[in-house]
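*Asks:* The opening residue of the sequence shown carries number 1 in the working numbering; numbering runs sequentially from there. Glycine included, every Cβ here is placed at the ideal spot set by N, Cα and C. The structure that follows is given in the form of structure tokens.
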Amino acid sequence: MCIETDADRDGGESEDSLSIALAQIRVEAGEVEANVDRALAAIARAADRGADLVALPELFNVGYFAFDLYARNAEPFAGETFGRLREAAADHDVAVLAGTIVEDLAATESVPTPADDGLANTAALFDSDGELQLVYRKHHLFGYESAESELLVPGQRLGTATIGGLTVGVTTCYDLRFPELYRRLVDDGVELVLVPSAWPYPRIEHWQTLSRARAIENQAYVATINGAGEFDDATLLGRSSVYDPWGVSLASSGDQPALVTAEVDPATVASVREEFPALRDRRL
Numbered sequence: 001m002c003i004e005t006d007a008d009r010d011g012g013e014s015e016d017s018l019s020i021a022l023a024q025i026r027v028e029a030g031e032v033e034a035n036v037d038r039a040l041a042a043i044a045r046a047a048d049r050g051a052d053l054v055a056l057p058e059l060f061n062v063g064y065f066a067f068d069l070y071a072r073n074a075e076p077f078a079g080e081t082f083g084r085l086r087e088a089a090a091d092h093d094v095a096v097l098a099g100t101i102v103e104d105l106a107a108t109e110s111v112p113t114p115a116d117d118g119l120a121n122t123a124a125l126f127d128s129d130g131e132l133q134l135v136y137r138k139h140h141l142f143g144y145e146s147a148e149s150e151l152l153v154p155g156q157r158l159g160t161a162t163i164g165g166l167t168v169g170v171t172t173c174y175d176l177r178f179p180e181l182y183r184r185l186v187d188d189g190v191e192l193v194l195v196p197s198a199w200p201y202p203r204i205e206h207w208q209t210l211s212r213a214r215a216i217e218n219q220a221y222v223a224t225i226n227g228a229g230e231f232d233d234a235t236l237l238g239r240s241s242v243y244d245p246w247g248v249s250l251a252s253s254g255d256q257p258a259l260v261t262a263e264v265d266p267a268t269v270a271s272v273r274e275e276f277p278a279l280r281d282r283r284l
């Protein structure tokens, strides 16, 4: 059963405000069809609730900790998983951050790749017409008791997109520990950063503190989308959250499947940056 959580709404949003929904779905190792079906159901449910943008977790289709299944389930960028999510975006008239999947770089022909072959941890952002707006491949690959850095090719490009009235950027999970990446996004005008993740227990404090810090120091919204579920040697801690430019949590969840919703507004970003102009005081 999905637990639904909402941010308090004060009715003060501008015409450019965006309703976002973080789909913290249950992820089962290697159960691609079931996992994608859960993602599609969450998109439909969020759209019915009035969401403008729905975001999915990292490697939501195969499961981050299913390392031995990466190669078997890798897809080209124009493969079935992104294709179904592109269609869902258009069918439900809602933008979709298609979490991340394991991309087969050698088979990808539709978008530029960082290498001629190998695998990548790849996110795609589709607008409400199903048109591709952004591709992001995880830059920082986790090496601590993880096979990710051995199996995957790091991304090289950092793009932005405009969804509704907001400039949006994407990073992935372990990227949270590298603040310089977020500075680059802010320099490119980003007001909302979406962070699909597969963050496990026991590092709850790191997950919450790093996410909040990235919001505070960049005076931007940060929305962290985690999965739920257990693997052989790890359990995802959930706790998907939306932080505003002051670092205040607008909405969050526990560790069970949930749909976390909040309103984000470029006018709030502008107001915070004007009231407390820390970014203007940068010397590096």
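Taking 7 Å as the threshold (C-beta atoms), are Val27 and Gly229 in contact?
*Replies:* In the sequence shown, counting from the first residue as 1, residue 229 sits at position 229. In the sequence shown, counting from the first residue as 1, residue 27 sits at position 27. Against a cut-off of 7 Å, the Cβ pair of Val27 and Gly229 comes out as a contact.
*Asks:* Is the segment 196–206 close to the segment 53–67, with three or more CB pairs under 8 Å?
*Replies:* Touching, per the Cβ criterion.
*Asks:* Using three-state DSSP, classify Pro196 as helix, strand or coil.
*Replies:* The residue you call residue 196 lines up with position 196 of the sequence shown. Pro196: strand per DSSP, three-state reduction.
*Asks:* Based on the DSSP secondary-structure assignment, which residues constitute the bridge partners of Leu69?
*Replies:* As a position in the sequence shown, residue 69 is number 69, starting the count at 1. Leu69 pairs with nothing; no bridge assigned.
*Asks:* For Val260, I'd like the list of residues in its chain whose CB is within less than 6 Å of its CB, leaving aside the five on either flank, ordered along the chain.
*Replies:* Translated into the one-based positions of the sequence shown, residue 260 becomes position 260. These residues qualify, in order along the chain: Thr5, Leu22, Ser240, Ala251, Ser253.
*Asks:* Return the residue from the list Leu119, Ala106, Ala44, Leu40 that minimises the CA-CA distance to Thr81.
*Replies:* Taking the first residue of the sequence shown as 1, we reach residue 81 at position 81. Here the closest residue by C-alpha is Leu40.
*Asks:* Among the candidates Ala124, Gly227, Arg183, Pro112, whose CA atom is the shortest distance from the CA of Leu284?
*Replies:* For the purposes of this step, residue 284 is identified with residue 284 of the sequence shown, where counting begins at 1. Residue Arg183 is the option with its Cα nearest to Leu284.
*Asks:* At which residues does the beta strand (DSSP E) containing Ala107 begin and terminate?
*Replies:* Here the question's residue 107 lines up with position 107 in the sequence shown. Here Ala107 belongs to no beta strand (DSSP E), and DSSP marks it neither H nor E.
*Asks:* Excluding sequence positions up to five away, which residues of its chain have a Cβ less than 8 Å from the Cβ of Ala51?
*Replies:* Translated into the one-based positions of the sequence shown, residue 51 becomes position 51. Excluding positions up to five away in sequence, the list reads Ser19, Ile20, Ala21, Val94, Thr261.
*Asks:* Relative to the C-alpha of Ser14, which candidate in Val272, Glu274, Pro266 has its C-alpha closest?
*Replies:* Counting from 1 along the sequence shown, the entry for residue 14 is found at position 14. Per the Cα distances, Pro266.
*Asks:* Between Val36 and Asn61, what straight-line distance do the alpha-carbon atoms span, to the nearest angstrom?
*Replies:* Your numbering for residue 36 matches position 36 in the sequence shown. Your numbering for residue 61 matches position 61 in the sequence shown. Using only the alpha carbons, I get a separation of about 6 Å.
*Asks:* By DSSP, does Gln24 sit in helix, in strand, or in coil?
*Replies:* Working through the sequence shown from its first residue, we reach residue 24 at position 24. Three-state result, Gln24: strand.
*Asks:* Do Val272 and Gln219 count as a contact pair if the criterion is CB distance below 7 Å?
*Replies:* Here residue 219 refers to the residue found at position 219 when the sequence shown is read from its first residue. Here residue 272 refers to the residue found at position 272 when the sequence shown is read from its first residue. Contact flag set, yes.
*Asks:* Does the distance from the C-beta atom of Ala88 to that of Ile43 stay below 7 Å?
*Replies:* Translated into the one-based positions of the sequence shown, residue 88 becomes position 88. Translated into the one-based positions of the sequence shown, residue 43 becomes position 43. Their beta carbons are under 7 Å apart, which means Ala88 touches Ile43 by this criterion.
*Asks:* Where does the unbroken alpha helix (DSSP H) through Gln208 begin, and where does it stop?
*Replies:* Here the question's residue 208 lines up with position 208 in the sequence shown. Run containing Gln208: 204–218, per the alpha helix (DSSP H) assignment.
*Asks:* From the DSSP output, in three-state form, read off Met1 for me.
*Replies:* For the purposes of this step, residue 1 is taken as residue 1 along the sequence shown, with counting starting at 1. For Met1, the predicted model reports a pLDDT of 37, less than 50, meaning its position is unreliable; a value from the coordinates is still stated below. Here Met1 sits in coil by DSSP.
*Asks:* Of the choices Ala106, Thr162, His140, Thr160, whose alpha-carbon is the least far from that of Pro154?
*Replies:* Stepping through the sequence shown from its first residue, residue 154 is reached at position 154. For the residues Ala106, Thr162, His140, Thr160, the minimum Cα distance to Pro154 belongs to His140.
*Asks:* For Leu237, which beta-bridge partners are listed by DSSP?
*Replies:* Taking the sequence shown and counting its residues from 1, the one referred to as residue 237 is at position 237. Per DSSP, Ala228.
*Asks:* Should Ala123 and Thr160 be called a contact, given that it needs their Cβ atoms to be closer than 7 Å?
*Replies:* Position 123 of the sequence shown holds residue 123. Position 160 of the sequence shown holds residue 160. No, they are not a contact pair.
*Asks:* List the DSSP bridge partners of Phe126.
*Replies:* Translated into positions along the sequence shown, residue 126 becomes position 126. DSSP lists Val96, Leu132 as partners of Phe126.
*Asks:* Should Phe65 be labelled buried (16 or more other beta-carbon atoms within 10 Å of its own) or exposed?
*Replies:* Walking along the sequence shown from the start, residue 65 turns up at place 65. Its Cβ being crowded by 16 or more others within 10 Å, Phe65 is buried.
*Asks:* Quick one: what's Leu119 bridged to in DSSP?
*Replies:* Locating residue 119 in the sequence shown gives position 119, counting from the first residue. Beta-bridge pairing links Leu119 to Asp104, Leu152.
*Asks:* Tell me which same chain residues have a C-beta within less than 6 Å of the C-beta of Ile216, skipping the five on either side of it?
*Replies:* Your numbering for residue 216 matches position 216 in the sequence shown. Excluding residues within five positions, the ones whose Cβ falls inside 6 Å are Gly247.
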